[in-house]
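Working notes, beginning with the structure itself.
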Amino acid sequence: MRAPAGSAIVAGDTLLAVDRVSLAFGGVRALRDVSFDIRKGEIRAIIGPNGAGKTSMLNVVNGFYQPQRGSITFKGVTRAKMRPFEAARGGIARTFQNVALFKGMTVLDNIMAGRTLKMHRGFFWQLMRYGPALAEEVEHRRRVEDIIDFLQIPHIRKIPVGKLPYGLQKRVELGRALAMEPELLLLDEPMAGMNLEEKEDMSRFVIDVNNHYGTTIALIEHDMGVVMDLSDRIVVLDHGVKIADGTPPEVQGDQTVIDAYLGVAH
Amino acid sequence: MFATRAAIRHKDLGIWQAWTWRDVRDEVVAFSIGLAELGLGRGDRFAVIGRNKPRLYWAMCAGQALGAVPVPLYADSVADEMAFVLAHAEVKLAVVEDQEQVDKILSIKDKLAALTHIVYDESRGLRDYDRAQLTAIDDVQRLGREALARDATRMTWWEAEVAAGKGSDLAIILYTSGTTGRPKGVMLSHDNVLISARNGNAYDRLDVNEEVIAYLPLAWVGDHIFSYAQSYDAGFCVNCPEAPETVVEDRREIGTTYAFAPPRIYENLITVTMVRMEDASALKRRMFHFFIGVARRWGEKILNKERVPVYARLLYWLGELLVYGPLKNRFGLSRIRVAYTAGEAIGPEIFRFFRALGINLKQLYGATEASVYITAQPDGEIYADTVGKPNIDVEVKVTDDGEVLFRSPGVFLGYYKDPEKTAETKTPDGWVRSGDAGFFDPKTGHLKIIDRAKDVGRLNDGTLFAPKYIENKLKFYPNIKEAVALGDKRDFVCVMVNIDMTAVGSWAERNNVVYGSYQELAANPAVYDMIERHIEEVNRSLLLEGLMGATQIRRFLVLHKELDADDGELTRTLKVRRGFIAERYAPLLKALYDGSREADIATEVTFEDGRKGTIAARVKIRDIKPADVSRVEKAA
Numbered sequence: 001m002r003a004p005a006g007s008a009i010v011a012g013d014t015l016l017a018v019d020r021v022s023l024a025f026g027g028v029r030a031l032r033d034v035s036f037d038i039r040k041g042e043i044r045a046i047i048g049p050n051g052a053g054k055t056s057m058l059n060v061v062n063g064f065y066q067p068q069r070g071s072i073t074f075k076g077v078t079r080a081k082m083r084p085f086e087a088a089r090g091g092i093a094r095t096f097q098n099v100a101l102f103k104g105m106t107v108l109d110n111i112m113a114g115r116t117l118k119m120h121r122g123f124f125w126q127l128m129r130y131g132p133a134l135a136e137e138v139e140h141r142r143r144v145e146d147i148i149d150f151l152q153i154p155h156i157r158k159i160p161v162g163k164l165p166y167g168l169q170k171r172v173e174l175g176r177a178l179a180m181e182p183e184l185l186l187l188d189e190p191m192a193g194m195n196l197e198e199k200e201d202m203s204r205f206v207i208d209v210n211n212h213y214g215t216t217i218a219l220i221e222h223d224m225g226v227v228m229d230l231s232d233r234i235v236v237l238d239h240g241v242k243i244a245d246g247t248p249p250e251v252q253g254d255q256t257v258i259d260a261y262l263g264v265a266h
Numbered sequence: 267m268f269a270t271r272a273a274i275r276h277k278d279l280g281i282w283q284a285w286t287w288r289d290v291r292d293e294v295v296a297f298s299i300g301l302a303e304l305g306l307g308r309g310d311r312f313a314v315i316g317r318n319k320p321r322l323y324w325a326m327c328a329g330q331a332l333g334a335v336p337v338p339l340y341a342d343s344v345a346d347e348m349a350f351v352l353a354h355a356e357v358k359l360a361v362v363e364d365q366e367q368v369d370k371i372l373s374i375k376d377k378l379a380a381l382t383h384i385v386y387d388e389s390r391g392l393r394d395y396d397r398a399q400l401t402a403i404d405d406v407q408r409l410g411r412e413a414l415a416r417d418a419t420r421m422t423w424w425e426a427e428v429a430a431g432k433g434s435d436l437a438i439i440l441y442t443s444g445t446t447g448r449p450k451g452v453m454l455s456h457d458n459v460l461i462s463a464r465n466g467n468a469y470d471r472l473d474v475n476e477e478v479i480a481y482l483p484l485a486w487v488g489d490h491i492f493s494y495a496q497s498y499d500a501g502f503c504v505n506c507p508e509a510p511e512t513v514v515e516d517r518r519e520i521g522t523t524y525a526f527a528p529p530r531i532y533e534n535l536i537t538v539t540m541v542r543m544e545d546a547s548a549l550k551r552r553m554f555h556f557f558i559g560v561a562r563r564w565g566e567k568i569l570n571k572e573r574v575p576v577y578a579r580l581l582y583w584l585g586e587l588l589v590y591g592p593l594k595n596r597f598g599l600s601r602i603r604v605a606y607t608a609g610e611a612i613g614p615e616i617f618r619f620f621r622a623l624g625i626n627l628k629q630l631y632g633a634t635e636a637s638v639y640i641t642a643q644p645d646g647e648i649y650a651d652t653v654g655k656p657n658i659d660v661e662v663k664v665t666d667d668g669e670v671l672f673r674s675p676g677v678f679l680g681y682y683k684d685p686e687k688t689a690e691t692k693t694p695d696g697w698v699r700s701g702d703a704g705f706f707d708p709k710t711g712h713l714k715i716i717d718r719a720k721d722v723g724r725l726n727d728g729t730l731f732a733p734k735y736i737e738n739k740l741k742f743y744p745n746i747k748e749a750v751a752l753g754d755k756r757d758f759v760c761v762m763v764n765i766d767m768t769a770v771g772s773w774a775e776r777n778n779v780v781y782g783s784y785q786e787l788a789a790n791p792a793v794y795d796m797i798e799r800h801i802e803e804v805n806r807s808l809l810l811e812g813l814m815g816a817t818q819i820r821r822f823l824v825l826h827k828e829l830d831a832d833d834g835e836l837t838r839t840l841k842v843r844r845g846f847i848a849e850r851y852a853p854l855l856k857a858l859y860d861g862s863r864e865a866d867i868a869t870e871v872t873f874e875d876g877r878k879g880t881i882a883a884r885v886k887i888r889d890i891k892p893a894d895v896s897r898v899e900k901a902a
């Protein structure tokens, strides 16, 4: 998959930077002055105990939530807040903590849905399914088949998603996000609720996506083993505040992180 | 006439991609010369590891053109198992499918002194690997094409290489999985393979119009003959499925005309069908059972072109319309002309089920050492309990102690680097000991196989005990996936059962039985009750058959884990390794015979990624009251 045109950012450069972002819901301060960056081509993990603000952070990045303070710089453009469609057009795709697929539609259709933004012909043309619109659909289908092959799910291509086990649904969701050909992929607990084997499969796919498509990945995950193995760099949040940021060994040895996870005697 | 016909297809990215015979020639020539550039030459062995992919079949052909000898391996073998074969065959080069196989080879590379190159098909995940010994098939073919473009004499050289090969030359080494001990390398010559393939085609009048689907392991002699040699001889098209899980769907799309499978595949089709029917609406279920009844009664007779009453024909015709046709379409067997089952004895009920549907399922008896064909059932002479008559050019005889011997043009050259074993198996005048016990049925003139010669045992009171016979009866029940019968040198017969997760899982769902794992489900008393009923039925049927009546099952248990090839409990072709199991589950075996009600067992298991773990369980044992004559007669 190609990176969207006009992107001059090369691997290692900052793709997205969050600068002193604060987010509050009434009196609840979900994020307080959080700053961190995501470099192109890396796998970046966001970890922290329950309620630390991890999902809020992802929601700010792709425009679901609008922060009260701070700014977001994506591909060199600084904004006070991201809007969901700007994020999507700009090449940010995500998966959700609880699977958010069209249960009654087949795997194929669900992943095709991820191509919506890439379709150029209007509603009328698509309704006709003729000429240029058909040619376009064939091309989209080719891309989708490539993803189906990549995720090793050809055997469930025509099966409604609702009938599939949870682990496979998660994989389909990843497929739909990949169909957008994202530059930045946000994964919200991609391995939650999985058994060991499913986790290992999913980890493999995350690495392969990063490796094969060159997609930058930011993921939230609770399984420390997985996080330490997968990520290049980790940011740790606790009660809406960033308490650590660095490579896996650095974070692992950080006393504040250990305290946040294990609790401290008062 | 062949040039523009499809030779091989592969479903990739959701579409059937086809190559004509002309395309295949181009691909193979480029591949072959590319391999020569990498240093492969006459007499060298090279490994072929992966699932059924066009390029892996081409690899075999490309190597053979140079006089090199392919050694196909089971793709799901773990690295340790591969290490033995690869080292024993001293392979110079390995052609593999993907990263998984590359990883396995790299992990055992120290043991493979002769290995110079790994050639792979799919590049996914291999980007950051050390390139020194890794080459993509694409690049090998490019090497070949460049060499051809640079030097026009390369083509004449290649043709001369092909011509230099003789029929008596070693064509392939197939390592048999072996129910005991280390695998043995069966050496087959070009003559062995080609003459057998040609005779096989002649026997069933197979021609260029057949369609087959290639989904069995490349390392199995069956696949090598059916999906490779016979296709090259007759010119028919071989179809490679998209993924192992899509075989049934892919077969349906292709509509195969000639099929070959071990009994397990057919058993599985029935299990899936029965499970689905349990979930179907009442009307459909009744229709299904009614017409299956009709088929069981008349189908086989109609298929054998016997005389049947008109109303039976009408009913069968209606059944074809409503049930058999759609079912065969689901199985992908609508267009089937000849379907073989081989590799193991098939349960008579399973066999008759397919025959009843109008599928020309036949039994074949073969061996790697015979390039498959020993005996097969001719059309119209089909019996559930025989394996047929000797194939073209094959001689078969039975020794005084019951062992089957054969001699044919397909008889192997010998075991690779093992003259001792060769001498044990093959006599100087070309007869091969099959290791199977059998006899010629005086009524039909067909060969009947009872069991492996060494597996047939006797109970302490001298009664003949054929474990496989009992196991097969049990395995017909969709709820039972695998059974191990024990009784040799014992007072009575016991069985260990593996439940079928699909069938029993679906039953549990319908009956609100809650379970968290295979182990929990297997230990459920309701599951025990169900298995007990099945065994009682088997006992009754054993009794009715007289000869085996004394070997009724007295005690049984349901194993806490599925028997698995990764743990060495099944062979790679999924045959039960009885001896190994008896050793591994010794505490259970002891409990079965000392009258205990339960026993503790801890077994080491190997996960798919090669790591090991332990499963511990307390397994319950139940007694079965043997069926007696009076009760059976009442029931009948």
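Chains as they are written, first to last, in this note's numbering: chain V, 1 to 266; chain U, 267 to 902. Note that the Cβ used here is the ideal one computed from N, Cα and C, for glycine as well. Note that this is a predicted model, so its numbers are computed, not measured.
Closer than 7 Å at the beta carbon, the chain U residues around residue i
| i | result |
| --- | --- |
| residue 155 of chain V | 509, 511, 512 |
| residue 145 of chain V | 279, 280 |
Backbone CA spacing between residue i and residue j [nearest angstrom]
| i | j | result |
| --- | --- | --- |
| residue 821 of chain U | residue 794 of chain U | 12 Å |
| residue 2 of chain V | residue 181 of chain V | Unreliable placement is indicated for residue 2 of chain V, whose pLDDT of 41 sits below 50; the coordinate value is still reported in the next sentence. Approximately 7 Å, taken between the alpha carbons. |
| residue 790 of chain U | residue 751 of chain U | 21 Å |
| residue 730 of chain U | residue 610 of chain U | 20 Å |
| residue 380 of chain U | residue 335 of chain U | 14 Å |
| residue 6 of chain V | residue 60 of chain V | At residue 6 of chain V, the pLDDT of 44 sits below 50, so the modelled position is not reliable; the number obtained from the coordinates is stated separately. Looking at the two C-alpha atoms, the distance is approximately 24 Å. |
| residue 605 of chain U | residue 478 of chain U | 10 Å |
| residue 93 of chain V | residue 208 of chain V | 17 Å |
| residue 41 of chain V | residue 495 of chain U | 48 Å |
| residue 261 of chain V | residue 183 of chain V | 32 Å |
| residue 899 of chain U | residue 740 of chain U | In this prediction, residue 899 of chain U scores a pLDDT of 49, lower than 50, which makes its location untrustworthy; no coordinate-derived value is stated. |
| residue 465 of chain U | residue 659 of chain U | 8 Å |
| residue 371 of chain U | residue 349 of chain U | 8 Å |
| residue 488 of chain U | residue 390 of chain U | 30 Å |
Simplified DSSP assignment, three categories, for residue i
| i | result |
| --- | --- |
| residue 600 of chain U | coil |
| residue 764 of chain U | strand |
| residue 512 of chain U | helix |
| residue 863 of chain U | coil |
| residue 248 of chain V | helix |
| residue 332 of chain U | coil |
| residue 2 of chain V | Because the pLDDT at residue 2 of chain V is just 41, under 50, the model does not fix this residue reliably, and the point stays unresolved. |
| residue 785 of chain U | helix |
Where the alpha helix (DSSP H) containing residue i begins and where it ends
| i | result |
| --- | --- |
| residue 850 of chain U | 844-850 |
| residue 639 of chain U | First-last for residue 639 of chain U: 638-642, but that is the beta strand (DSSP E), not the alpha helix (DSSP H). |
| residue 202 of chain V | 196-208 |
| residue 456 of chain U | 456-469 |
| residue 22 of chain V | Note, residue 22 of chain V: premise wrong, no alpha helix (DSSP H); beta strand (DSSP E) at 14-25. |
| residue 184 of chain V | Per DSSP, residue 184 of chain V belongs to no alpha helix (DSSP H); it is in the beta strand (DSSP E), 184-188. |
| residue 298 of chain U | 287-303 |
Contact set between residue i and chain U, taken where Cβ atoms lie within less than 8 Å
| i | result |
| --- | --- |
| residue 212 of chain V | 390, 391, 393 |
Chain-ordered chain C contacts of residue i [CB-CB under 9 Å]
| i | result |
| --- | --- |
| residue 771 of chain U | The chain labelled as chain C is not found among the protein chains of the depicted structure, namely V and U. |
Neighbouring residues, chain U, relative to residue i (Cβ below 9 Å)
| i | result |
| --- | --- |
| residue 229 of chain V | What residue 229 of chain V touches in chain U: nothing, since even the nearest Cβ is about 14 Å away. |
| residue 208 of chain V | 390, 391 |
Presumed contact (8 Å Cβ cut-off) between residue i and residue j, rounded CB distance
| i | j | result |
| --- | --- | --- |
| residue 480 of chain U | residue 506 of chain U | 5 Å |
| residue 271 of chain V | residue 68 of chain V | Nothing can be reported for residue 271 of chain V, as the shown portion of chain V is limited to 1 through 266. |
| residue 855 of chain U | residue 764 of chain U | No, residue 855 of chain U and residue 764 of chain U are not in contact; Cβ-Cβ is about 16 Å, not under 8 Å. |
| residue 925 of chain U | residue 677 of chain U | What the structure shows of chain U is the stretch from 267 to 902, and residue 925 of chain U is not part of that stretch, so it cannot be assessed. |
Residue i: contacting residues in chain V (beta-carbon distance under 8 Å)
| i | result |
| --- | --- |
| residue 875 of chain U | 200 |
Extent of the continuous beta strand (DSSP E) to which residue i belongs
| i | result |
| --- | --- |
| residue 565 of chain U | Run containing residue 565 of chain U: none; DSSP gives neither H nor E here. |
| residue 888 of chain U | 878-889 |
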